[in-house]
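Residue numbers (our numbering): 83 to 254. Just so it is clear, CB atoms sit at the ideal spot from N, CA and C, and this is done for glycine as well. Small disclaimer: the values here were computed from a predicted structure and weren't measured. The next block holds one structure in the form of structure tokens; read it before the comments.
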């Protein structure tokens with residue numbers, strides 16, 4: 083069982099949209115610090131700081147070093163998928179920020195979006211989110227498909243601030 087110190091270190095490691103993006107980059111393909119820095123348009127020293135934080139907290143692992151184009155030793159990193167089961171308190175704003183960074187520059191036709199308004203009891207909401215999480219977890223834990231295309235899924239269930247019940251409560 084992880085110590086409180088490790089739990090706190092892991093929560094801090096996942097509290098950065100940049101580190102979450104690094105984990106996503108290294109999920110299906112091992113990447114070196116230079117590759118990560120180039121993709122995210124970062125200074126390699128900045129990228130290395132974030133990579134080391136993720137390695138030290140168990141979210142990334144270093145693979146066997148390899149030789150780069152000019153013969154320099156490069157260390158590729160791969161996500162351990164440990165982040166999937168790690169809970170972060172009050173993560174919603176950071177996850178929304180990460181999502182917005184990841185879709186920046188995508189054309190509308192490059193996204194599939196579903197939006198629906200619901201009016202459910204607390205029990206029904208818990209049931210729905212549990213069922214959705216089971217389906218998402220099933221796919222998230224599968225091995226990547228050889229001919230698959232890397233994609234991401236962002237699911238947000240939130241109060242409807244424009245709903246009639248909410249407006250009536252506020253006007254009373």
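Practice problem: Count the other CB atoms, across all protein chains shown, that sit within 10 Å of the CB of residue 203; report buried if there are 16 or more and exposed otherwise. | Solution: Counting every other CB atom within 10 Å of its CB across the protein chains shown gives residue 203 a total below 16, marking it as exposed.
Quiz item: Going by the C-beta, is residue 207 closer than 6 Å to any heavy atom of the ligand ADP?
Solution: As for the ligand ADP, it is missing from this structure, which has no ligand bound.
Quiz item: Between residue 228 and residue 173, what straight-line distance do the alpha-carbon atoms span, to the nearest angstrom?
Solution: Rounded to whole angstroms, residue 228 to residue 173 spans 32 Å at the Cα level.
Quiz item: Near residue 164, which residues of its chain fall below 6 Å by C-beta distance, leaving aside the five closest residues on each side in sequence?
Solution: Cβ neighbours of residue 164 beyond the five flanking positions: 140, 141.
Practice problem: Using alpha carbons as the reference points, say which of 235, 121, 209 lies closest to residue 195. | Solution: When each option's Cα is compared against that of residue 195, the closest is 235.
Quiz item: What did DSSP end up calling residue 184 once you bin it into helix, strand or coil?
Solution: Correct three-state label for residue 184: helix.
Quiz item: First and last residue of the alpha helix (DSSP H) that includes residue 143?
Solution: Annotation: residue 143 is outside any alpha helix (DSSP H); the continuous beta strand (DSSP E) that includes it extends over 142-144.
Exercise. State the Cα-Cα distance for the pair residue 193 and residue 119, rounded to the nearest angstrom.
Key: Near 25 Å, if we compare the C-alpha coordinates of residue 119 and residue 193.
Quiz item: Got a sec, what are the start and stop residues for the alpha helix (DSSP H) residue 158 sits in?
Solution: First-last for residue 158: 158-161, but that is the beta strand (DSSP E), not the alpha helix (DSSP H).
Quiz prompt | Residue closest to residue 95, alpha-carbon to alpha-carbon, out of 144, 150, 116, 132 | solution = The option with the nearest alpha carbon to residue 95 is 132.
Self-check item: Alpha-carbon to alpha-carbon, residue 98 and residue 144
Solution: Their Cα atoms are separated by approximately 20 Å.
Quiz item: Are the beta-carbon atoms of residue 180 and residue 107 separated by less than 7 Å?
Solution: With respect to the 7 Å criterion, residue 180 and residue 107 are not classified as neighbours on the basis of their beta carbons.
Quiz item: Below 7 Å between beta carbons: does that hold for residue 168 and residue 215?
Solution: The Cβ atoms of residue 168 and residue 215 lie no closer than 7 Å to each other.
Practice problem: Return the CA-CA distance between residue 86 and residue 166, expressed in angstroms with no decimal places. | Solution: The straight-line gap from Cα to Cα measures roughly 19 Å.
Self-check item: residue 103 in three-state terms, based on DSSP
Solution: Under the three-state reduction of DSSP output, residue 103 falls in the helix class.
Self-check item: Limits of the alpha helix (DSSP H) - the one that residue 91 falls within
Solution: 86-95 is the extent of the alpha helix (DSSP H) around residue 91.
Self-check item: Of the residues 121, 200, 177, 125, the one placed nearest residue 63, counting alpha carbons only
Solution: The structure shown does not extend to residue 63, since the chain spans only 83 to 254, so no value can be given for it.
Quiz item: How should residue 185 be labelled, buried or exposed, when 16 other C-beta atoms within 10 angstroms of its C-beta is the threshold for buried?
Solution: Around the beta carbon of residue 185, fewer than 16 other beta carbons lie within 10 angstroms, which makes this residue exposed.
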